[in-house]
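Contents: one structure, followed by commentary.
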Amino acid sequence: MLAALGGYSQEYTITKLKLFPDRDEVLIKDVTTDSLGFIWFLTNGEIYRYDGYRSLDILKTIANQRLTDDMPQRMLIDHRNRLWMAGNANLSYLDLKTWRVYPVDSALLPPIQDRTVVWIRQLADSTVMVAYENGHLLVMAGDRFTRIDELYERGNVAKSRVSPRSAVYWKGKYWVGTTAGGLLSIDTANTTETQYHQLPGINRMVTNLIAQDDALLLDVFEQDIYRFEGHGMPTVFTPIRFALSKDKSYVLAAGDRMNIYADDESTCLLDADLGLLQRLAIPSTHRFNTTNVKIFGNEALLGTDEGIFVIYPKTKGLSQLIPTNPGANKSTRGIYVYPDGALFYGTYNGAGLIDVDGKALIFQELKHAYAMLPMNDNELLIGTEGGMLKVFNRKLRQVSDLQYTLSETASDQYVFNLPTYVMSLAETEDDYLIGSMSGLWLLDKQNHQLDKYPLESGEANALDVQIRHIRLLPDSSLLLSTHLGLYEVRKGVVTKRYPQSGNVGVFKSIVVGDTIWLATQGEGLLAIDAEGRVLQTITTKEGLSNNLVYSLEQVGGLQVVGTANGLNIVNNRRVRRIGIAEGLSQSEFNSGASFWDPTRKRVYVGGLMGYTVLDMNQPWFEDQNQLESYVTEIHTATGANGEKSADYTWPYRGERELVLQPGQSLTGLYVGTPGNHRADGEIRYSLNAGDWEPLELGQFISLIEPSPGDYRFQLETRSTAATGNQQTFTITKLPHYYETWWFNALVLLAVAGAIGGFFKYRETVLQKEKKMRIKIASDLHDEVGSSLTRIYFQADMLSSKHVGRADDKQLQQIADTSKQALLTMSDMVWSIDSRFDTIRDLVIRMKDYLFKLREELEITYRFDVRGDQTSRTVTQLVRQNLFLIFKEALTNAIKYSDGSEVTIDLNFGRTIQLTIRNRYASGNGPITDQQGGRGLESMRLRASRMGGELTYTAVGGVFSLDLVIP
């Protein structure tokens, strides 16, 4: 059959869901959907939620809440996102927003022996109804439960069970079809008011009820379809172009937009009057039964013994043209659409004409028709693979070989290399241009003389390449797409435009203004300028389905791109991919097999399974019907033992923020995409505005032991629109108390307080020490100093009075000793007194000592002081020992010097450095002989007390003593 020409297109398609990665066949007892479109299904005792990628075992998630081991037999999700689970002993529901199970009071249910459940349904007014085999009905409107026992009691009276088999809401009442052929009506305002309708002539089971505006349609088992207006006699109803099967088990379901019939082989889309809209073969393997149908919106789920099949509409504007030529090979080549809408096509298995009335004429002998070009209103020039040139005469309905002659040059040089394999056709005012496997040729329009395309001398063989497409430019120059690249022929001169180096196959070129678009063999869709410079590249990185581009058509500002794996529509840098999920009948397309029909605004793109037809009147870049993804599961682990928890309520609560407690890790965040069977969608995510990362099938996001802070995730689902559908959510990791700012501030304050307290205590101790040192120095100066002074003066006076006496010498020694003691005590007082703990006071003391020595001993010296000596302080230990080393060193220098100048260098930098040099008179003997041994040892000990280092050298008659104090 040939579809799409007469405006008819396959509006719906069917596919099987991959519910589990490790098995293809699943027995489905019930199927339903929630408010987001996630699919829920019941197998033998297990309930699963399918999120588009994986199936979640629901009963495992609520195992600790189940009150009994009663297995669910039927299930339903109502408009309030409550999962009703009906078993043969209990009835309960799972609130999807809290994930808590609520059992229905057993007193509201039928007696325990009568709880074999038949079905559970939600009717048009959102009321939930549960039907039991013994005739009991449980009606749940909001939070009100009503048990209706009329069918049960009627069965007891008749001693024949009357079971409910179908139900529908119609004209303010609930209507229930029974196994006895009658109907039970229930008043919606008062569900205790019921009426039983025994239908004349109907004594079989009413398996299905369909509500119309003014009547009910009754599907009566092994009888007919009846029309019932609520009273009176039902009448036989005959659908248009459709009949229920008499020998197959089937399911009939009613929806707001369509009705669905399904048996073990096919499913039918029906209108309100059960007229046939479309029949679809169920792509099952074993022809198992269809057990139930769930219609939601414009889609339907078929639950079968083999799995779940989804019926859904194809993308608007997408249809297919399947050649009716005999044989399985439907791979296409050239196609031409006449102005009146008729078309001629070519395949590997013959050609055909489809007239405006939809009738097809097959030309089985014309195989591999590659290129087509109208010669006039009636004749079509056809280039073939292996058969050279043909002509199709539309009036005569016949195909014939083109009659031609060879030019003298062609006869002499190319008679064995004629264009047998024609790949492209074009025309100038006088000639047809023929692109072939053996280069470019000319066919004179008047006399049909065939000749090789003329080139400048020296370039005769420049075009011995495969000419895949010919583009004639306004200035009569040519763009030739070849297997080696794009060539330009201008006035007989051949120039390779792309690539500038190397070879890349080009299938077709399109000129748009100053830009040349190229369909390339492996580098995607390229835009170049007239010089061959690349302006834009569109590859799989930009969203193209494949980089091997066979077909290319320009429609306004859009490019239609057929590749080795999918069809694309490109608008600037925006790429709209069309895949099998949208109803595309094929994924691989052929070169030279596309055509733009501007009259009807259709693009034909040929491939391995016929032609895909795009209606370019459709808004291909609208954002409607995009796929949307949701966070479906959140798994966390807490503490060192990894205590696990899970949250399945996120999509139903509309959360946008997850808070992780201290010590808690996100071990798995799963994302689901309801309805991803409709389009070839992709999910990617970005963390904190970073690079986008793909989220592959079954992959999850995790944050193991994250640092405290906010983690902002962007989740994007890319499907039918040029831009993706984005959601943003935040994961906040709370810190441990010791990671909080206030704890750190307290610690900082405590440390600062401790340090401050330590320094304050130290300062207090130092101040006390200074005061004590000042007091000791003052006491020594005032008490001991005055006593020594009196002793000195008394001894000196007595000595002056006893001059010449025997005791004169002893008195003078007493005076000298007391004087020396007075000087020593003065040094001690100075070293103890904290008021002199500065470099400045130390230098003054040194200079004072040097001045006294010069006066007493008439020595010559040079004292150089460098560095900061005004504000710098020095400890009492350093001040005392440094001064004593200074005195000792000067004493030795004067004692052992040859009388020349003594040089003293004192430098206050990062360290304190003292250097004293003098020439010695003892020659080159040992150092201890030159400067004394005990004094040097004493100075070294004092230096070590300060943590310093004392060194000395004697070279060339110069003794040098160096002291370094850190």
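Sequential numbering from 54 applies to the sequence shown in our numbering.
No residue lacks a Cβ here, since even glycine has one placed at the ideal position from N, Cα and C.
As the structure is a computational prediction, the values presented were derived from the model and not from experiment.
Contact between Glu-710 and Phe-766 is absent: CB atoms are separated by about 11 Å, not below the 8 Å threshold. For Glu-282, DSSP records no beta bridge to any residue.
Between the alpha carbons of Asp-358 and Ser-644 lies a gap of roughly 42 Å. For Gly-555, the closest C-alpha among the options Leu-371, His-536, Asp-266 and Glu-541 is that of His-536. In the structure shown, Thr-913 adopts coil according to DSSP, grouped into three states.
Apart from the 5 residues on each side of it in sequence, Gly-439 sits with its Cβ closer than 8 Å to the Cβ of His-421, Thr-473 and Tyr-474 in its chain, given in chain order. From the listed residues Asp-202, Asp-700 and Asp-733, the smallest Cα separation to Leu-719 is found for Asp-700.
Looking at the DSSP output, Gly-399 bridges to Ala-404. For Tyr-423, the uninterrupted beta strand (DSSP E) run begins and ends at 422-427, by DSSP. Short of 6 Å from the beta carbon of Ala-307, and not among the five residues preceding or following it, lie these beta carbons of its own chain, in chain order: Ile-263. Residue environment for Arg-521: buried (at least 16 other C-beta atoms within 10 angstroms of its C-beta). By the neighbour-count criterion, in which a residue is buried when 16 or more other Cβ atoms sit within 10 angstroms of its Cβ, Leu-722 is buried. Three or more beta-carbon pairs separated by less than 8 Å are not found between the stretch 155-164 and the stretch 91-104, which leaves the two stretches without contact. Separation of the CB atoms of Leu-680 and Asn-778 is rounded to 7 Å, and the pair is thereby assigned contact status at 8 Å.
Taken atom to atom, the span from the alpha-carbon of Leu-109 to that of Asn-143 is near 23 Å. Distance between Ile-957 and Met-992, taken at the CA atoms: about 16 Å.
The stretch 64-81 makes contact with the stretch 359-368: 3 or more CB pairs, one atom from each, lie closer than 8 Å. In the DSSP assignment, Ala-946 falls within the alpha helix (DSSP H) that extends over 929-949. Taking 4 residues as the shortest admissible run, the stretch 669-745 contains the following complete alpha helix (DSSP H) segments, listed from N- to C-terminal end: 703-706. In this structure the stretch 641-660 does not touch the stretch 679-696; the number of beta carbon pairs closer than 8 Å is below three. If you look at Asp-465, you'll find it in the alpha helix (DSSP H) that goes 461-466. Closest option to Thr-944, judged by alpha-carbon separation, among Pro-552, Gln-966 and Arg-970: Arg-970.
As for any beta strand (DSSP E) of minimum length 3 sitting wholly inside the stretch 55-142, the runs are 65-69, 83-86, 92-95, 100-103, 108-110, 125-130 and 135-140, ordered along the chain.
Going by beta carbons, Gly-577 and Val-608 fall outside the 8 Å limit. Every beta strand (DSSP E) of 3 residues or more that sits fully in the stretch 565-615 is shown, in chain order, as 568-573, 578-581, 587-591 and 602-608. In chain order, Leu-72, Phe-73, Phe-94, Thr-96, Glu-359, Gly-360 and Ile-361 place their CB closer than 8 Å to the CB of Val-79, counting only its own chain and leaving out the 5 sequence neighbours on each side. Here Val-818 is exposed. Its C-beta has fewer than 16 other C-beta atoms within 10 Å. Just so you know, the alpha carbons of Met-999 and Ile-1018 end up roughly 7 Å apart. Beta-bridge pairing by DSSP links Asn-446 to Glu-432 and Gln-451. The C-beta distance from Gly-234 to His-250 rounds to 10 Å, too long to meet the 8 Å contact threshold. When DSSP reads this structure, Gly-751 sits in no beta bridge, so it has no partner.
Ala-646 and Leu-768 have their alpha carbons spaced roughly 39 Å apart. If you draw a straight line from the Cα of Leu-406 to the Cα of Ala-395, it comes to about 7 Å.
Per DSSP, reduced to three states, the secondary structure at Phe-274 is coil, with no helix or strand assignment. By the C-beta density criterion, Tyr-506 is buried, having at least 16 other C-beta atoms within 10 angstroms. Given a length threshold of 3 residues, each whole run of the beta strand (DSSP E) inside the stretch 477-564 is given here in chain order: 484-489, 492-497, 502-505, 520-525, 531-535, 539-543 and 546-551.
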